[in-house]
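**Q**
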Ligand code: T4K
């Protein structure tokens, strides 16, 4: 029996490298509340991400919730329905109302040509998602925001380390949230960050993630507990050392998938922007007129030990918790893509033989893949 191949597998540093990092934590007994590793990781990430301001958080969702809170917004926020639950939940949990705008058919990010028709006198912000690491139409979105006096907060959960024309992705908009969850290109076990340009945000976010505490006898904001602990930061410092190598390995795998699946009838792979340096976070395929329905192929792959995921199906505006408030048919591009999408297994140590096996299964040439030895499927 082959070991199952999951959609991803957390990237870990060598065991000894991490355990070595634990010694100073034990010696100092300083486990959390902005310790030494927290501060070191923050500085290293600022440099790596080419951003002016950065605050670390316990996870990406908390980072997004507190980033939204930092701006003191009221009213409606225009966002995409083609995303993880976190994006819309962070808006709603701030007492704001998400307004869903459709996405572009080629890279699945917010369709900038449809934003303005969603703007009302209650709109306060736009919250686009760099979904799968596809960078949004940042210049056009900024133009719209400037014209209407709106904030732009990016959900950049998938876009860690990316650049567009040499500009770190965290420089776009008023703030950008990054996720460092175990399943991400760069992980701190759980974790996240908010990048920003305006210096006042540094103080605001720092306080918001620590209950709004100003000093021992003063609490200024109704904050939360969003602090990244030292064990997370230590994992981040270790993983950062191996990041470039891991991104190169991911690139190799994505290239193989694209070579094998590109141009095949009924399979859309999405566009590649030559101005972007990608992190190769996800490998989405959209089935459109393929010989099998998405759910059929999904089940077929699972029968063969391959476990892709339907990121992102259903669309957020079809969730039970938002039922009767939204109509998924109002965002038909997102609705149709979510019905055809599947993200294929991708992680640095995924063997190319396994990628070939997955492609053979998809293309119906799996008989020719029978020679793949059982133990090469998952290493
Ligand atoms: N915005 C967007 C656009 C996002 O995609 C996300 C998170 C967020 C915001 C919020 O950021 P965080 O608060 O999470 O930092 C996973 C991740 O948990 C989630 O971070 C991610 N997006 C989402 C797209 O995927 P699940 O529920 O699908 O994960 P799960 O547990 O099914 O894991 C998937 C596979 O990953 C497993 O089959 C095996 C592998 N895995 C998983 C874990 C937890 C590991 O190898 N090690 C692990 O520890 O949500």
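In UniProt numbering, the protein residues as written are 1 to 379. By construction, the Cβ of each residue, glycine as well, lies at the ideal position given by its N, Cα and C atoms. In this text, all values refer to a predicted model and were calculated from it rather than measured experimentally.
Assess contact between the stretch 143-156 and the stretch 55-71, defined as three or more Cβ pairs (one per stretch) separated by less than 8 Å. Is contact present?
**A** Segments in contact, yes.
**Q** Determine the contact status of residue 105 and residue 333, defining contact as a CB-CB distance below 8 Å.
**A** Numbered from 1 along the chain shown, position 105 holds the residue referred to as residue 105. Numbered from 1 along the chain shown, position 333 holds the residue referred to as residue 333. In this structure, residue 333 lies closer than 8 Å to residue 105 by Cβ.
**Q** Helix, strand or coil for residue 132 per DSSP?
**A** Within the chain shown, numbered from 1, the residue matching residue 132 stands at position 132. Helix at residue 132.
**Q** Within the same chain, show all residues whose beta-carbon is closer than 7 Å to that of residue 350, passing over the 5 residues directly before and after it, in chain order.
**A** The residue given as residue 350 occupies position 350 in the chain shown. Within the same chain, residue 350 has close Cβ partners 253.
**Q** Checking 8 Å against the spacing of the C-beta atoms, do residue 214 and residue 188 come in under that value?
**A** By one-based count along the chain shown, residue 214 stands at place 214. By one-based count along the chain shown, residue 188 stands at place 188. Taking 8 Å as the Cβ cut-off, residue 214 and residue 188 do not qualify as a contacting pair.
**Q** Report all residues from its chain with a CB closer than 7 Å to the CB of residue 122; omit the five preceding and five following residues, and keep chain order.
**A** Taking the first residue of the chain shown as position 1, residue 122 is located at position 122. Cβ neighbours of residue 122 beyond the five flanking positions: 75, 76.
**Q** Grab the span of the beta strand (DSSP E) containing residue 79 for me, first residue to last.
**A** Position 79 of the chain shown, counted from the first residue, corresponds to residue 79. That run of the beta strand (DSSP E) goes 76-79.
**Q** What is the DSSP secondary structure of residue 340, reduced to helix, strand or coil?
**A** Within the chain shown, the letter at position 340 stands for residue 340. Helix at residue 340.
**Q** Looking at the ligand T4K, does it come within less than 7 Å of residue 311, judged from the CB to the closest heavy atom?
**A** Here residue 311 refers to the residue found at position 311 of the chain shown. Checking every heavy atom of the ligand T4K against the Cβ of residue 311, one is found closer than 7 Å.
**Q** Would residue 55 pass as a contact of residue 222 if the rule is Cβ separation under 8 Å?
**A** Within the chain shown, residue 55 is the residue found at index 55, counting from 1. Within the chain shown, residue 222 is the residue found at index 222, counting from 1. Taking 8 Å as the Cβ cut-off, residue 55 and residue 222 do not qualify as a contacting pair.
**Q** Comparing the CB of residue 60 with every heavy atom of the ligand T4K, is any distance shorter than 7 Å?
**A** Stepping through the chain shown from its first residue, residue 60 is reached at position 60. Yes, the ligand T4K has a heavy atom inside 7 Å of this Cβ.
**Q** Would you please state the rounded distance, in angstroms, between the beta carbons of residue 149 and residue 185? I believe it to be under 8 Å.
**A** Here residue 149 is taken as the residue at index 149 of the chain shown, counted from 1. Here residue 185 is taken as the residue at index 185 of the chain shown, counted from 1. Incorrect: roughly 34 Å between the Cβ atoms, too far for contact.
**Q** Which ranges does the beta strand (DSSP E) cover as unbroken runs of at least 3 residues, wholly within the stretch 235-308, from first to last along the chain?
**A** You should have 284-287.
**Q** Under the three-state reduction of DSSP, which class applies to residue 373: helix, strand or coil?
**A** As a position in the chain shown, residue 373 is number 373, starting the count at 1. Residue confidence is low: residue 373 scores 44 on pLDDT, short of 50, so the model does not pin down where it sits. No coordinate-derived value is stated.
**Q** Give the secondary structure of residue 53 by DSSP, where H, G and I count as helix, E and B as strand, and everything else as coil.
**A** As a position in the chain shown, residue 53 is number 53, starting the count at 1. If DSSP states are grouped into helix, strand and coil, residue 53 belongs with the strands.
**Q** Would residue 15 be called buried (16 or more neighbouring beta carbons within 10 Å of its own) or exposed?
**A** Taking the chain shown and counting its residues from 1, one reaches residue 15 at position 15. The residue is exposed, with fewer than 16 neighbouring Cβ atoms inside 10 Å.
**Q** Return yes when the Cβ of residue 18 is within less than 8 Å of the Cβ of residue 158, no when it is not.
**A** Your numbering for residue 158 matches position 158 in the chain shown. Your numbering for residue 18 matches position 18 in the chain shown. Against a cut-off of 8 Å, the Cβ pair of residue 18 and residue 158 comes out as no contact.
**Q** Give the range of the beta strand (DSSP E) segment to which residue 192 is assigned.
**A** Here residue 192 refers to the residue found at position 192 when the chain shown is read from its first residue. Looking at the DSSP string, the run of the beta strand (DSSP E) that includes residue 192 is 192-196.
**Q** Taking 7 Å as the cut-off, does the CB of residue 179 come closer than this to any heavy atom belonging to the ligand T4K?
**A** Sequence index remark: in the chain shown, residue 179 carries index 179 (1-based). Checking every heavy atom of the ligand T4K against the Cβ of residue 179, one is found closer than 7 Å.
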